[in-house]
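Quick note on numbering: the numbering used here labels position 513 of the sequence shown as 512, and the sequence is numbered without any gaps.
Beta carbons: idealized from backbone N, C-alpha and C, even for Gly.
Remember, predicted model here, so these are calculated numbers, not experimental data.
Shown next, in structure tokens, is the structure this report addresses.
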Amino acid sequence: SSTTASETTTTTSAATSDGTSTTTTGGSSTTDEPILCEPSPAPAAPITIDPECEGTEVEEVVDPWNFSVEWQHPIAGNGAIVMPAIGSLTDDNMDGKVDADDVPDIVVNGWSSNVLTALHGDGSGVIFEYSGSRGNTGPAIADVDSDGVPEVVTINTQNQVTAISAGGQVKWTSPAIGGLSTYPQVTVADLDEDGDVEVIADIAIVDGATGALIATMGATGPWRTPVVADLDLDGSKEIILHSGVFASDGANLWTIPGSGQASFAAVANIDDDPEAEVFVNYGSKLYVHEHDGVAIGSYPIPGNTNLSGPPCMADFDGDGEVEIAVPAGAKFDMLETDGTLIWQQTINDSSGAAGCSGYDVNGDGTYEVMFADQDALRIYDGPTGAVVYQNDTHSSGTVWEYPVVADVDKDGSGEIIVVSNGAQKAVTIFGHNGDGWAAAGPAWPIHDFAVTNIGPDCSVPQSPIPSWAELNVFRARPVVDDPALPDLLVEVNDVCVACDESEVYVSYQVCNQGAVDVEAGTPISIFSLVDGMEVLVQSTTLPAIPAGECPDGDSFALNPDQIVDGKVVVRIYDDGNGTEPDVECNLANDEVTADVLVCGDIPG
């Protein structure tokens, strides 16, 4: 290039909302006077909100605590003591597919009868019965062999994990599993994210397509249920079982200190990093740990008799932060995540192991807590703990079952499904005696339900969006599964290169065409392509960006030596160490590529 003049080139580049970019580059100019680059960021401006980001508006329910029993099915023997699984098994709309458009079905194990029963969710009758299912096993519904049709997975009386088709036929059985819990629970996940589903049946990891035993975990303590999540976001999921955290191959990673027979987990995010925190009520304490096992704290569970059931997590008091509800024998506690008691109610659960769930029953924007102990089904007001509904016909010896919510009859309104045993031996479907509660999804097919970890059609996602990134709920569901979301998009609106002055400016603007404000602190980085590989040049953070707004743009200042291939990539949600998970309407518009003049390419 010339050493007697300054070469300057400007490039204007814009990104469309789908993430593609258009670039216009002006020719280089050679003058006798130095020409300096000036950053040219775009001014602030509004942007139209994408209707796809607005979610579904929820209307408050009139007379929400006017319950009715929509239908009830008796369970042979002594009733049911494990959570029912909800999901579609049959092609009700005759479109050739079994999916979320069909009427959901209900699967429940008979406690003493050892008969698993699959029921149409609209109350129209029995789909099939399978004799020989271990009646104290919590079943799951999922497409475990990836054939497009969900199966029911249980454990039989020979302690073999068993997959059953929607027609009631056994598809496979695993080898007999030794050392199972007295009340083993089944869940599913693609543990190593290779596209193949694994079944996690208490301590056993089983191939979802064949039933072959992959591994067994060395869990201690008899009262437990598996919880699966990619805690550290490394593409391989972990399994929390009793006091142990295990890798996808069953190897123990770390252990929660403590003592007690019962230990149950939940996951949520309570800090500024993208990974999950682990919450385990174990013995008389609530233990909170980072994703890698580093202890955050351990807190006494007020009123605990050394036994507590599966917790549920949501923003129960409407303060914008997640709380944890813990059933604890004689008391039911609502706690902040630092162990602070918000409210407490007296319950009757001598086993101390019944679980809870969350749902905004009345549609007021705040979650209620659902809980069924030995004597009654109760609905607690999330912020205050007031009992807003109680049904005393329920009875149960209780293990770790809990009420679940789904739109089981496809009427557009959620129903509450509860199993009972003892005096009442049935599965009961409660509905609203009026216009209906708010909408709910069609499935609640696994015990460690967190909305994003299982598809509404009971498909098993290979790499699900972390539940804590999208909804931050556990054993809870929003009234609809499509909440309003943000949608950041990045545009490069100007590139200026002054070779002799060693100046390169890449001006960008980030807009929020979503329906939710984005807080300050989102990372944005610029990478230079070097032999086709991205090399981090700079990283910074964005200001708060309200919905429907484009704040004033900004610029990255680079040195010409950093431009090698003639291209840069600007990416949001990336601090240079990889894209952080975030939930948006459209993840494809989070980066843009722009052409930049390579100074050594200018003719001399």
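- A contact is defined here as three or more CB-CB pairs under 8 Å, and the segment 511-531 fails this definition with respect to the segment 73-81.
- With fewer than 16 other Cβ atoms inside 10 Å of its own Cβ, Met93 counts as exposed.
- If you keep only unbroken beta strand (DSSP E) runs of at least 3 residues inside the segment 277-319, you get 284-288, 294-299 and 311-313.
- Annotation for Ala483: Glu53, Gly54, Ala514 and Val515 place their beta carbon closer than 6 Å to its own, counting only its chain and skipping 5 residues before and after.
- Of all C-beta pairs linking the segment 345-359 to the segment 385-402, three or more are shorter than 8 Å, placing the two stretches in contact.
- DSSP lists Asn155 as the bridge partner or partners of Ser132.
- Val595 is positioned such that its CB atom lies no closer than 8 Å to that of Gly575.
- Around the C-beta of Thr153, 16 or more other C-beta atoms lie within 10 Å, and the residue is accordingly described as buried.
- Cβ neighbours of Gly147 within its own chain (closer than 8 Å, five residues either side excluded): Lys96 and Val97.
- The continuous stretches of alpha helix (DSSP H) do not include Glu59, and DSSP gives it neither H nor E.
- Counting of Cβ neighbours within 10 angstroms places Gln168 among the exposed residues, the total staying below 16.
- Taking 8 Å as the cut-off, the Cβ atoms of Ser39 and Pro441 do not count as close.
- The Cβ neighbour count for Val321, taken over all protein chains shown within 10 Å, is at least 16; the residue is labelled buried.
- With respect to the C-alpha of Asn303, the residue from Ala261, Tyr379, Val293 and Met312 having the closest C-alpha is Ala261.
- Cβ contact annotation for Thr383 (same chain, cutoff 8 Å, sequence separation greater than five): Trp342, in chain order.
- For Ser466, the enclosing alpha helix (DSSP H) starts and ends at Ser466 to Glu469.
- Contact check for Ser145 and Val185: beta-carbon distance about 17 Å, past the 8 Å limit, so the pair fails to qualify.
- Where Leu334 is concerned, the enclosing beta strand (DSSP E) starts and stops at Lys330 to Leu334.
- Annotation: Ala519 is outside any beta strand (DSSP E) and is labelled neither H nor E by DSSP.
- Taking the Cα of Thr181 as reference, the smallest distance to any Cα among Gly210, Pro225 and Asn135 is reached at Asn135.
- In this structure, Ala327 and Ser307 form a Cβ contact; the two beta carbons are roughly 4 Å apart against a cut-off of 8 Å.
- In the three-state reduction of the DSSP assignment, Asp100 falls in the coil class, being assigned neither a helical nor a strand state.
- Within 10 angstroms of the beta-carbon of Gly207 lie 16 or more other beta-carbons, which makes it buried.
- C-alpha of Ile416 to C-alpha of Ala211: approximately 33 Å in a straight line.
- Two segments are said to touch when three or more pairs of C-beta atoms, one from each, lie closer than 8 Å; by this definition the segment 160-174 does not touch the segment 458-469.
- Going by C-alpha positions, Val198 is about 5 Å away from Val187.
- If you check the CB distance, Arg474 and Pro309 come in under 8 Å.
- Here DSSP, grouped into helix, strand and coil, assigns Asn492 to strand.
- Per DSSP, the beta-bridge partners of Gln71 are Thr427.
- In the DSSP assignment, Asp553 falls within the unbroken beta strand (DSSP E) covering Asp553 to Leu557.
- Taking one beta carbon from each stretch, the segment 434-450 and the segment 406-421 have 3 or more pairs nearer than 8 Å; the two touch.
- The C-beta separation of Ala141 from Pro444 comes to about 6 Å, placing the pair in contact by the 8 Å criterion.
- In the three-state scheme derived from DSSP, where H, G and I count as helix and E and B as strand, Cys584 is classed as coil.
- When Cβ pairs closer than 8 Å are counted between the two stretches, the segment 552-572 is seen to touch the segment 490-500, the count reaching three or more.
- By the CB criterion at 8 Å, Asp104 and Ile126 fall inside the cutoff.
- CA-CA distance, Asn471 to Val582, rounds to 11 Å.
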